[in-house]
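Peer 1: Structure below; questions to follow.
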């Protein structure tokens, strides 16, 4: 019986031959994701007139018998190479549905549901036929035919051939005539031709063409990784028609300059990708017909001739449009000569790693000779329309087609990676580029507009309209004194057992301020303050501002060398401190004032308010931040900028007079200004916490509850630590406002759980570098379950402008990453005594004609969202934020390289576990200087790391010390000679920084897999931790691996 079945199957075989490169790729993707709907095609034909459904069905069956490609299946199991098998006879699955009795709206809904269900059904590639038809009757004389097939059988060029032949069969049968079509050349002839091509010549062409491309051109407009759902891709599409006028202009343009519409669309796509990614060389896929002109009859053949090939395009802003288009046209012709090449083989010849795709987007230009009027040869039946629905395995596919009187642009996209509004804007940008090319043929590429004037107006003007009527003539101390008048007896500050009312705090600050003026403090005098957390700290800060000076915070936990540099650089004339810290202070010319033991010096001074000549333009503070040269730099912030922040904060806050705010940040961190002065200038109570409690999340939570604190400013790490212990606390503090800044806010499950227990509390994500303090904010309210996992940084605060610009300082569209620039009154004056650095970072504002208007280059990569909020992506340079502290990794590197045992080093931030961001130092030791005092061979490396750590602790603050150290023999480099940061290994904590070792198979299953990999990949030995694609695996080998 079994033998008989095999004989029957073999009798039904007409031919067997290999797959084309394109078919091999489609086979892999279908096997890899069988339920994804990839390469399942839908052609929907709408007919009007009288139709004989049975004759129509028979016409399709005749078509199947005529073309072997439509009777083909694919076999791969147990074979070195997959094969396609043509069956002699197959029956076409046919379904008939009658929807005449439902409304047009219901018909459309049912059609969409049917198409989705039918696509999900897919095909089993080893079972014929790989196509089916469904005829739906919508009205008495209206029909829709849904022809479903797998793209592995045929390409788009075949569609008009097939439709024309089906209609010819139908017409002759309907009229009772016999219709004989001329013999068609079999598809296997193309396979034979394909195997005869010169692979060596193709190899040379592709090596040269792809030289210099080391990574695929990124889709920079996609969702952030943390926002992408970890499931199978899901596809949607959007389309745009350019209209008759634009279409006629495009066609006239390509005729005039001897181009093709395909070249024009490729040019627009290349320009768009280049502008989006800011890369001058872009790489994307293009489809080619693959039908060789020297194969006679090829234009009437039915089968899969199509191929997808990489197209690399150089986009130079200064290049003239027309010569560039003509070069692109020639490149397309050169591509056609080697259109038979396998994409897998092409990738092997490129510098792009096998585990990465060659490109992330493809362009399909349909110029198939289909005439929708073909149905007019049948008097009683006419084709009203043809719609195609296809889906590739690429996240982004642009389909362009010239139809009678119109030009269609259609984008299919993976919704797990790209948002619908992003695609809508992308289509608009393509239209803008195409129209600009046609109307400005003599233009340079860099001058072609991407955005419309409406878009530019929105992002430059509308979203930056933040002007307020807040008074601009006040200084910080005046806001505080006004509050003292309102609430003199309210508690202003609390620390442990100490309390001061507003009146008491004002009097104490006034007495000290009078004394400071006697010491020569006048406007812009820099006064150092190095104190532990205490009431005296707040008194000292207020006194400096009241005296007219600007304070320079000096953290007592800093290394003495760093403190010495800051004191010398700022040339502070007076230094406020405490007696317990005197031994930590560097030698200087400053007059030392101990707040806890010298108070007799100002106890006789007047407690009344001072007269001061300080103006909003004078300095409020100078705060030192990490510097890339190895030395910190002082940011000089004006009173006016800080008062603007306080006005905005007071209008934003929900915690009014009497509300308690935690003072958490060190005064060397700019958010401390916000904590202290937004509270003291707003009638609240400032609650200071000790250094010990700051570091204990559970104790801190109990502290907040005990003191009934309503508002906190916390960096994300501290906030997350607080949230992680909230479940251990039966009672939470009455928080109404949680403000976080300093690093990317992540809405973690623990944070959600805590905020759900605080229904009256809002969470605000604030953003701002030291060079401006806070410049934007985004508020999260309502059900925390619905909050975004990575909230944006929001919109600009009052009297502040934000610009997202390209590397040439041009505005970029919504959704496209660019560097964030800050303008308005929030900006600092610059860097203390660093005019060159100030000029480099604070540049003239090209969007404001006001004299001396500046923009600050933040170095942060961001993008606008559709609603005007800004989304933070990453740092552009090597500057990072860890636990809220801004760190220039270059400063750590500069310090490390001064150690005699360090030859080379690079310090990078890593987040190998969500929320666990840390610094890791990769070090190449100097072999001539490494000391190994201990004879144990495992000890020297650990001891060496200990030496480096101790050395850094003597030079840098604690938060700048890397938590991981990895010793390398050499730093990995890119082909251009730069350090390849992506190639740096993950620190192996459990193995004392040793490199990953070879791990042999540990059971039968692992042994079997290792042998299969070694056989397929021709690599020996294979470790159980090796990656298939890292070892040279690719999609075709993966198909064989599945067997």
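Residue numbers (the numbering used here): 12 to 1054.
Yeah, the Cβ is synthetic: ideal placement off N, Cα and C, and Gly gets one too.
What you are looking at is a predicted structure, and each value in this text was computed from that prediction instead of being measured.
Under three-state DSSP, which class holds residue 798?
Peer 2: What you label residue 798 is simply residue 787 of the chain shown in a count that begins at 1. Coil.
Peer 1: Please go through the same chain and pick out, in chain order, the residues whose beta-carbon is closer than 7 Å to the beta-carbon of residue 363, but skip the five residues on each side of it.
Peer 2: In the chain shown, the residue the question calls residue 363 occupies position 352. Same-chain partners within the cutoff: 224, 225, 226, 227 and 369.
Peer 1: In chain order, what residues of the same chain have a beta carbon less than 6 Å from the beta carbon of residue 1039, not counting five sequence neighbours either side?
Peer 2: Locating residue 1039 in the chain shown gives position 1028, counting from the first residue. Here the set comprises nothing.
Peer 1: Report the residue ranges of all beta strand (DSSP E) runs contained in full by the region 394–425; include only those spanning at least 3 residues, in chain order.
Peer 2: Runs of the beta strand (DSSP E) inside the region 394–425: 407–414 and 417–425.
Peer 1: Under 6 Å Cβ to Cβ from residue 229, same chain only, skipping five residues before and after it: list those, please.
Peer 2: Along the chain shown, read from residue 1 onward, the residue named residue 229 stands at position 218. Taken in chain order, the residues that qualify are 288.
Peer 1: Can residue 202 and residue 349 be called in contact, C-beta distance under 7 Å?
Peer 2: Counting from 1 along the chain shown, the entry for residue 202 is found at position 191. Counting from 1 along the chain shown, the entry for residue 349 is found at position 338. No.
Peer 1: Please name the residue in 683, 458, 697 and 163 whose C-alpha comes closest to that of residue 726.
Peer 2: Locating residue 726 in the chain shown gives position 715, where the first residue counts as 1. Ranking 683, 458, 697 and 163 by Cα distance to residue 726 puts 683 first.
Peer 1: Entirely within the region 621–700 and at least 4 residues each: give me those alpha helix (DSSP H) ranges in chain order.
Peer 2: Listed in chain order, the complete alpha helix (DSSP H) runs (minimum 4 residues) inside the region 621–700 are 650–663 and 682–691.
Peer 1: For residue 462, name the three-state secondary structure that DSSP assigns.
Peer 2: Counted from its first residue, the chain shown places residue 462 at position 451. Reduced to three states, the DSSP call for residue 462 is coil.
Peer 1: Please state the DSSP three-state secondary structure of residue 1036.
Peer 2: Within the chain shown, numbered from 1, the residue matching residue 1036 stands at position 1025. Of the three classes helix, strand and coil, the one that applies to residue 1036 here is coil, per DSSP.
Peer 1: Can the beta-carbon of residue 918 be found less than 7 Å from the beta-carbon of residue 930?
Peer 2: Counting from one through the chain shown, the residue named residue 918 turns up at place 907. Counting from one through the chain shown, the residue named residue 930 turns up at place 919. Result yes, Cβ atoms of residue 918 and residue 930 sit closer than 7 Å.
Peer 1: Starting from residue 228, trace the alpha helix (DSSP H) both ways and give me its first and last residue.
Peer 2: Against the chain shown, residue 228 aligns to sequence position 217. That residue, residue 228, is in no alpha helix (DSSP H); it is neither H nor E in DSSP.
Peer 1: Does the beta-carbon of residue 465 have 16 or more other beta-carbons within 10 angstroms, so that it is buried, or is it exposed?
Peer 2: For the purposes of this step, residue 465 is taken as the residue at position 454 of the chain shown. Exposed, because fewer than 16 other Cβ atoms sit within 10 Å of the Cβ of residue 465.
Peer 1: Can you give me the C-alpha to C-alpha distance between residue 954 and residue 976, rounded to a whole angstrom?
Peer 2: To locate residue 954, count along the chain shown from 1; it is residue 943. To locate residue 976, count along the chain shown from 1; it is residue 965. Taking the straight line joining both Cα atoms gives about 12 Å.
Peer 1: Do residue 883 and residue 934 have their CB atoms nearer than 7 Å?
Peer 2: Sequence index remark: in the chain shown, residue 883 carries index 872 (1-based). Sequence index remark: in the chain shown, residue 934 carries index 923 (1-based). Not closer than 7 Å, so no.
Peer 1: If I'm right that residue 873 touches residue 815 with Cβ under 8 Å, what's the distance once you round it to whole angstroms?
Peer 2: Position 862 of the chain shown, counted from the first residue, corresponds to residue 873. Position 804 of the chain shown, counted from the first residue, corresponds to residue 815. The Cβ separation is near 6 Å, so the contact holds.
Peer 1: Indicate the three-state DSSP secondary structure (helix, strand or coil) for residue 735 in the structure shown.
Peer 2: By 1-based counting over the chain shown, the position of residue 735 is 724. Helix at residue 735.
Peer 1: What does the alpha-carbon distance come out to for the pair residue 634 and residue 483?
Peer 2: Translated into positions along the chain shown, residue 634 becomes position 623. Translated into positions along the chain shown, residue 483 becomes position 472. Distance between the alpha carbons of residue 634 and residue 483: 23 Å.
Peer 1: Is it the case that the region 672–679 contacts the region 598–612, given that we only count it when at least three CB pairs across the two stretches are under 8 Å?
Peer 2: As far as the Cβ criterion goes, the region 598–612 does not touch the region 672–679, which means the pair count is below three.
Peer 1: Locate the alpha helix (DSSP H) running through residue 901, then write down its first and last residues.
Peer 2: Residue 901 sits at position 890 when you count from the first residue of the chain shown. Run containing residue 901: 900–907, per the alpha helix (DSSP H) assignment.
Peer 1: Sort 419, 49 and 455 by Cα distance to residue 439 and report the nearest one.
Peer 2: Position 428 of the chain shown, counted from the first residue, corresponds to residue 439. Checking every option, the nearest Cα to that of residue 439 belongs to 419.
Peer 1: Is the Cβ-Cβ distance between residue 668 and residue 645 less than 7 Å?
Peer 2: Your numbering for residue 668 matches position 657 in the chain shown. Your numbering for residue 645 matches position 634 in the chain shown. No; because the gap between Cβ atoms is not below 7 Å, this pair is not in contact.
Peer 1: Do residue 654 and residue 485 have their CB atoms nearer than 7 Å?
Peer 2: Here the question's residue 654 lines up with position 643 in the chain shown. Here the question's residue 485 lines up with position 474 in the chain shown. For residue 654 and residue 485, yes; Cβs fall inside 7 Å.
Peer 1: Quick check: the region 494–510 against the region 468–482, are at least 3 beta-carbon pairs closer than 8 Å?
Peer 2: Segments in contact, no.
Peer 1: Alpha carbon to alpha carbon, how far is residue 993 from residue 985? Give it in angstroms, no decimals.
Peer 2: For the purposes of this step, residue 985 is taken as the residue at position 974 of the chain shown. For the purposes of this step, residue 993 is taken as the residue at position 982 of the chain shown. Per-residue confidence for residue 985 stands at a pLDDT of 44, beneath the threshold of 50, marking its modelled position as unreliable; the derived number appears in the next sentence. Straight-line Cα distance between these residues: approximately 10 Å.
Peer 1: Can you list, in chain order, the residues of its chain whose CB lies under 6 Å from that of residue 716, leaving out five sequence neighbours each side?
Peer 2: Translated into the one-based positions of the chain shown, residue 716 becomes position 705. 742 and 744, listed in sequence order.
Peer 1: Taking 7 Å as the threshold (C-beta atoms), are residue 625 and residue 589 in contact?
Peer 2: Position 578 of the chain shown, counted from the start, is the residue given in the question as residue 589. Position 614 of the chain shown, counted from the start, is the residue given in the question as residue 625. No, Cβ-Cβ distance for residue 589 and residue 625 is not below 7 Å.
Peer 1: Using the DSSP secondary-structure output, state which residues sit across from residue 260 in a beta bridge.
Peer 2: In the chain shown, the residue the question calls residue 260 occupies position 249. According to DSSP, residue 260 bridges with nothing at all.
Peer 1: What residue from 1027, 811, 496 and 42 has the CA that sits closest to residue 787's CA?
Peer 2: Taking the first residue of the chain shown as position 1, residue 787 is located at position 776. It is 811 whose Cα lies nearest to the Cα of residue 787.
Peer 1: Counting only the same chain and skipping the five closest in sequence on each side, list residues whose C-beta sits under 7 Å from that of residue 988.
Peer 2: Taking the first residue of the chain shown as position 1, residue 988 is located at position 977. Summary for residue 988: the model assigns pLDDT 42, below 50, so the residue's position carries little reliability, and this model does not support an answer.
Peer 1: In or out: residue 594 buried (at least 16 other Cβ within 10 Å) or exposed?
Peer 2: Position 583 of the chain shown, counting from 1, holds the residue named residue 594. Classification for residue 594: exposed.
Peer 1: When burial is assigned at 16 or more other CB atoms within 10 Å of the CB, is residue 70 buried or exposed?
Peer 2: As a first step, residue 70 must be located in the chain shown, where it is residue number 59. Flag for residue 70 reads buried.
Peer 1: Buried or exposed: where does residue 862 fall if 16 or more other Cβ atoms within 10 Å of its Cβ makes it buried?
Peer 2: In the chain shown, the residue the question calls residue 862 occupies position 851. Result: exposed.
Peer 1: Could you please give the first and the last residue of the uninterrupted beta strand (DSSP E) stretch that includes residue 105?
Peer 2: On the chain shown, residue 105 is found 94 positions in, with the first residue counted as 1. Unbroken beta strand (DSSP E) run through residue 105: 105–109.
Peer 1: Please report how far the alpha carbon of residue 434 lies from the alpha carbon of residue 766, in whole angstroms.
Peer 2: For the purposes of this step, residue 434 is taken as residue 423 along the chain shown, with counting starting at 1. For the purposes of this step, residue 766 is taken as residue 755 along the chain shown, with counting starting at 1. About 34 Å.
Peer 1: What span of residues does the beta strand (DSSP E) with residue 318 cover, start to end?
Peer 2: Here residue 318 refers to the residue found at position 307 when the chain shown is read from its first residue. Its beta strand (DSSP E) spans residues 318–325.
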